[in-house]
């Protein structure tokens with residue numbers, strides 16, 4: 022009797038420890054922040070000045086042109102076995118003038134991949150209409166359809182999808198670029214967001230990538246031993262209870 026009771030207590034402890042070990046391992050994740058290293062916009066004419074980090078996107082009636090934007094980030098190297106499990110792209114809608122957004126109700130802003138290599142993208146130039154097209158023609162990583170025009174000095178958050186997350190994991194230890202584009206419906210009226218956003222400092226935190234890393238720590242051999250005992254122990258405890266009930 023005493024031996025069985027001792028075994029039951031020991032098994033209960035083993036089960037608790039095994040569950041605790043799994044909980045600690047699974048919960049061992051961390052959040053990393055990466056501010057953009059470059060950003061900007063290309064006009065429909067394919068123009069971008071490398072020193073201009075304004076990331077307006079949409080149609081601007083003052084310029085009489087449509088713009089698409091881009092963002093470049095350094096992706097930290099991961100340890101072997103680690104992966105990025107989620108990512109949020111934060112884009113600040115604010116600047117020194119207003120309005121920073123106009124006519125966006127019902128419009129969709131899409132984040133996507135860019136076929137253009139990052140060096141060429143950042144260099145800018147004129148007549149780069151292929152880059153303007155590339156900023157809206159890649160694999161979709163996330164989007165938002167606005168119910169109303171976003172207010173000034175707000176941060177728009179894009180939860181990147183599985184394709185975006187896969188691209189980020191592939192870019193670990195190097196850089197990744199995202200393109201941004203609107204489904205503009207007018208070539209006469211303002212339909213834009215992120216106006217007046219140039220600061221001259223792309224790494225100022227206005228455009229930031231939040232990355233969650235799943236640092237799953239493999240259970241120690243002792244934990245595996247506990248896990249192997251747990252099913253047996255559950256059976257023993259169940260049999261003991263049935264005997265008591267009978």
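Numbering (our numbering), first residue to last: 22 to 267.
Built from N, CA and C at the ideal position, the CB exists for glycine as well.
Pick out the complete beta strand (DSSP E) segments inside the stretch 48-97, 3 residues or longer, and give them in chain order.
-> 50-64, 78-81 and 86-95
Would you say the stretch 97-116 touches the stretch 189-199, given that touching needs at least three Cβ pairs under 8 Å?
-> yes
Note down the Cα distance separating residue 129 from residue 71, rounded to an integer number of angstroms.
-> 27 Å
One or two residues paired with residue 228 in a DSSP bridge = 112
Is DSSP giving residue 118 helix, strand or coil here?
-> coil
Alpha helix (DSSP H) containing residue 191: first to last residue?
-> 183-191
Identified DSSP bridge partners for residue 163 | 132
Starting from the C-beta of residue 157, find all residues in its chain whose C-beta is less than 6 Å away, skip the five residues before and the five after it, and write them out in chain order.
-> 89 and 202
Kindly indicate which three-state DSSP category residue 141 falls into: helix, strand or coil?
-> helix
Take the Cβ of residue 52 as the centre, count every other Cβ of all protein chains shown within 10 Å, and call the residue buried at 16 or more, exposed below.
-> exposed
Which residue from 66, 61 and 84 puts its Cα closest to that of residue 73?
-> 61
Own chain, CB closer than 6 Å to residue 228, minus 5 neighbours either side, in chain order = 57, 60, 92 and 112
Beta-carbon proximity list for residue 78, same chain, < 8 Å, skipping 5 on both sides | 62, 88, 89, 90, 130, 201, 202, 203, 213, 214 and 215
What do you get for residue 132, buried or exposed, if any count of 16 or more other CB atoms within 10 angstroms of its CB means buried?
-> buried
When DSSP builds the beta bridges, which residues end up paired with residue 178?
-> 111
Please determine, among 114, 134 and 182, the residue with the shortest C-alpha to C-alpha distance to residue 232.
-> 182
For residue 85 and residue 149, the rounded distance between their alpha carbons | 18 Å
Taking the alpha-carbon positions, what's the residue 170 to residue 163 distance?
-> 18 Å
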